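Since the structure comes first, as structure tokens, the remarks are kept for the end.
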Amino acid sequence: MAANVDDEKVPDEFRLQLLLNKQKLEYQLEKKKQMQEMKYKHELETRKIIEETNRQREIEETKRQRQREIEETKRQHEIETTKRKKLKLEFDSSSLKRSRFLLTNHADFYTIHVGKNLKLFDIIDLLEDNECFNDNILSYIEDYLKNSSCDGKTTENLIQTAFDNLIVNLLNTLSHATSLKYLDTSSSYLQDKFRPDCTFIYKNININIETQQQLLEDFVVFVGDLKAADVRLTDRAAMGQILQYLKVLIDVQQRQKIYGFLSNYKHMKFFYVEKLSSNSYEYFESQELEMFSSLSETSSSSSSRSRRKINQNITNLTINKDSWKIFTKFLTMNYEFYPYRRLNIDPCDDLLTNRYMISKRLGNGLTSTVYLLEKIINKSSVKTLSFYVIKILTNNSYAKYFTTEMKITKELKKFHNSKKFNLYFQDILYSLSSDKYLFFKKELQFIESLSLEQSKQLIDIVHYLYNCHVIHRDIRPQNLMFDYDTNHIKLIDFGCAITYDIDDKAGSIEIIGTTIYAGLRFLDFCSKLITGVYLPYYEYERTFDLQCALNIIISMCNYDIKEKIYSIEILPDIHKKQSKILELWQDTQRTNKHYSKLLNLIKDLDKLYKSSTFDVCKDEIEQIFDQ
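Anchor point for the sequence shown: position 546 equals 546 in UniProt numbering, and the numbering is continuous, going up by one each time.
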């Protein structure tokens, strides 16, 4: 009986042992599973970290690559802008290396660009019979002859110094008959490479060429070059040099024709270059004039030219009066004879020459160029402003823009808030201004970006225009300036501005001004205009300027948009440019809720005017800066 009981206990213990072993095994398996899961999770986390690190590296590398592309785009844009607006040197060479070679090798310039194509013209036939030659002029020529030699020898430096004195004296004597002023420019100024010995500008232009040489190329009327007495005027290098100076000036000044002369002391020859197309030029030379003749060559019985004997011990030369009369006539031609077209300047106009000197070029564009005038300090100076800013018209066909700017500025002053007007805009000095020149009191500074405070200031300026029933039509970064005296931005250049009547109607008008920063409706219209759907006339919305201001603000505080605009602006294809800028602002509206909200506010303002809308816009702009 007892044995049976023991037999029953054995299976129970065995089962218990099996159960314990099973539990132990299950525990080990679970533990192993957990360890594997932990290992997998760790590996997964590690992989995620590695992937995230790689992703961040790729993002950073993409950013760096994009930055490099942006910098390259900027660099290319600067190169193109420099070529287009400042140099415009269109040598027909096939490589940059060859172009540079041509710029420095005048003989090769003559061979490649001029050669057998040099044509003749008669300088006498071109000149008017304006007889100004007198004994005073003859006396100055005698001095020139004496001072051009030392110990019986002439050098280029002696000729240069003596010629400088001669021309200054001639122009002073002929002041009543000439429109010219002479400058010794034997130091480099023309595109930092060339140095014509003699430069003539209009007599109402005052420039300090010692400190502002680069400004001179804006005002050159014609140039001359002087050579040593042993250099023939038929020398290829000598002719190539003066002709290349003339060609460069034609390109820089975007004019059609320019004169020059070449002299080796005894002889003189005139030249001119005429531009036929973007890369086509004609070159001309006159007959060679004998300015002085050797006594051995003269014969009182056979010569028809009038000569005067000068101290035989010094030079053994006589003055050829007929040749000097021709040169004198050349200096006293009507100013329209010298086809200077860079700026719309009349040498009789008062540009404050006696009191102020042009000291800086502040900006230039299609219709005008802006300069800073600095007061000439002397003991007898009357107490006046130390500086003026002058805006000079480039072409008489653009005079309507100056007229419009003066008219609109007067309209803005009628709003009877002089404090705001002086804060927001630059007043014109009407007593000095005309449809060719606009004068302003102070120099303003360019701005590269807009702060939140300045963005709100821009909205206030547009609000002022809105209340004055004025649409600027050309609000863009270049027309926003900063006034350090008031710590406020100013809106400039009202040449494209229009006014509208009390019923908010400006009528359909020709499209001019900015398109890059314009609103979607206008850009959509322009895209259809290019395809020929519409005529180039648009009925500007009263909120047109506000849309432009908004687009400027968001572009100047959003680096990505700013760079996209930068790349669009340099596109040569106008169709592609218009489609790209429209696409950019449509994408911005779709992806930026604050921008979209502001557009809706502007749309509502078009329907119903509420002054508070401008304040709401300023509040919403804060959200754009907080993004």
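Glycine included, each C-beta is placed from N, C-alpha and C at the ideal position.
Just so you know, these numbers come straight off a predicted model, no measurement behind them.
Checklist line | Assigned secondary structure, S612 (DSSP; H/G/I helix, E/B strand, else coil) | finding: In the structure shown, S612 falls within a helical segment according to DSSP collapsed to helix, strand and coil.
Next item on the list: Please classify Y388: does DSSP put it in a helix, a strand, or coil?
Entry: In this structure, DSSP gives Y388 an extended state, which the three-state scheme calls strand.
Next item on the list: Would you kindly work out how many angstroms separate the C-alpha atoms of T367 and R342, rounded to a whole number?
Entry: The alpha-carbon separation between T367 and R342 amounts to approximately 11 Å.
Next item on the list: Report the rounded CA-to-CA distance for M333 versus I428, giving the unit in angstroms.
Entry: Cα-Cα distance, rounded: 34 Å.
Note to self: I need the boundaries of the alpha helix (DSSP H) containing Y338, first residue and last residue.
What the structure shows: Note, Y338: premise wrong, no alpha helix (DSSP H); not H, not E.
Notebook entry, point to check: Do you know how far the Cα of I207 is from the Cα of Q213?
Noted result: Rounded to whole angstroms, Q213 and I207 show a C-alpha spacing of 8 Å.
Check: Which one of Y538, F522, K528 and L520 has the shortest CA to CA distance from S508?
Finding: Distances from the alpha-carbon of S508 to those of Y538, F522, K528 and L520 put Y538 closest.
Next item on the list: Could I get the ranges of all uninterrupted alpha helix (DSSP H) runs contained in the segment 120-184, with 4 residues as the minimum, in chain order?
Entry: Here the runs fully enclosed are 123-126, 135-147 and 156-173.
Notebook entry, point to check: Cα-Cα, which of E453, S434 and W324 is closest to S293?
Noted result: Measuring from the Cα of S293, the nearest candidate turns out to be W324.
Note to self: Let's see if you can read the secondary structure: which residues bound the alpha helix (DSSP H) around E210?
What the structure shows: That residue, E210, is in no alpha helix (DSSP H); it is neither H nor E in DSSP.
Check: Would you say K562 and I568 are within 8 Å of each other, going by their C-beta atoms?
Finding: With respect to the 8 Å criterion, K562 and I568 are not classified as neighbours on the basis of their beta carbons.
Next item on the list: Find out if the Cβ-Cβ distance for the pair Y283, L243 is shorter than 8 Å.
Entry: Remark: C-beta atoms of Y283 and L243 approach each other more closely than 8 Å.
Item checked: Complete runs of the alpha helix (DSSP H) confined to the segment 485-550 [at least 4 residues] -> As far as the segment 485-550 is concerned, its whole alpha helix (DSSP H) runs of at least 4 residues are 520-530.
Next item on the list: Would you check if the distance between the CB atom of T409 and the CB atom of F494 is smaller than 8 Å?
Entry: Yes, these two residues count as a Cβ contact at 8 Å.
Notebook entry, point to check: Residues bridged to D235 by DSSP?
Noted result: According to DSSP, which records beta bridges pairwise, D235 is partnered with nothing at all.
Margin query: Less than 8 Å between the beta carbons of F446 and Q426, yes or no?
Written below: The answer is no: Cβ separation not under 8 Å.
Next item on the list: Could you tell me how far apart the beta carbons of F337 and I123 are, in whole angstroms, since I believe they sit closer than 8 Å?
Entry: At roughly 12 Å, the Cβ-Cβ gap does not stay under 8 Å, so F337 and I123 are not in contact.
Notebook entry, point to check: With burial defined as no fewer than 16 other Cβ atoms inside 10 Å of the residue's Cβ, what is the status of T46: buried or exposed?
Noted result: Counting the other Cβ atoms within 10 Å of the Cβ of T46 gives fewer than 16, which makes it exposed.
Note to self: Classify C348: buried if its beta carbon has 16 or more other beta carbons within 10 angstroms, exposed otherwise.
What the structure shows: C348 is exposed by the Cβ-count criterion.
Check: What are the start and end residues of the beta strand (DSSP E) that includes M357?
Finding: Per DSSP, the continuous beta strand (DSSP E) segment holding M357 begins and ends at Y356 to N364.
Notebook entry, point to check: Nearest to V223 by CA position, among K247, P572 and A549, is which residue?
Noted result: The residue with the shortest Cα to Cα distance from V223 is K247.
Next item on the list: Assuming E128 contacts K329 (C-beta within less than 8 Å), just tell me the rounded distance between them.
Entry: About 7 Å separates the two Cβ atoms, so the contact holds.
Check: DSSP three-state call for V470: helix, strand or coil?
Finding: Correct three-state label for V470: strand.
Margin query: Tell me the DSSP secondary structure of D483 in three-state form.
Written below: Strand, per DSSP.
Next item on the list: Identify which residue in S455, Y464 and I459 has its Cα closest to the Cα of E411.
Entry: The shortest C-alpha separation from E411 is found at Y464.
Note to self: Between the alpha carbons of I565 and V273, how many angstroms are there, rounded?
What the structure shows: V273 has its alpha-carbon roughly 40 Å from the corresponding atom of I565.
Checklist line | Coil, strand or helix - F415 by DSSP | finding: It is coil, neither helix nor strand.
Check: Below 8 Å, can you find three or more Cβ-Cβ pairs linking the segment 218-236 to the segment 194-209?
Finding: Segments in contact, yes.
Item checked: Pairwise C-alpha distance: I581 and L529 -> Approximately 15 Å between the Cα atoms of the pair.
Margin query: At the level of alpha carbons, what is the spacing between Q547 and N467?
Written below: Cα to Cα, the separation comes out at about 16 Å.
Checklist line | Option in I512, N487, D483 and K490 with minimal Cα separation from A497 | finding: It is I512 whose Cα lies nearest to the Cα of A497.
Note to self: If I follow the unbroken alpha helix (DSSP H) through S431, where does it start and stop?
What the structure shows: For S431, there is no enclosing alpha helix (DSSP H), as DSSP marks it with neither H nor E.
Note to self: Just to confirm before moving on: does the CB-CB distance between S148 and L138 stay below 8 Å?
What the structure shows: Judged by beta-carbon spacing, L138 lies beyond the 8 Å limit of S148, meaning their Cβ atoms are not closer than that value.
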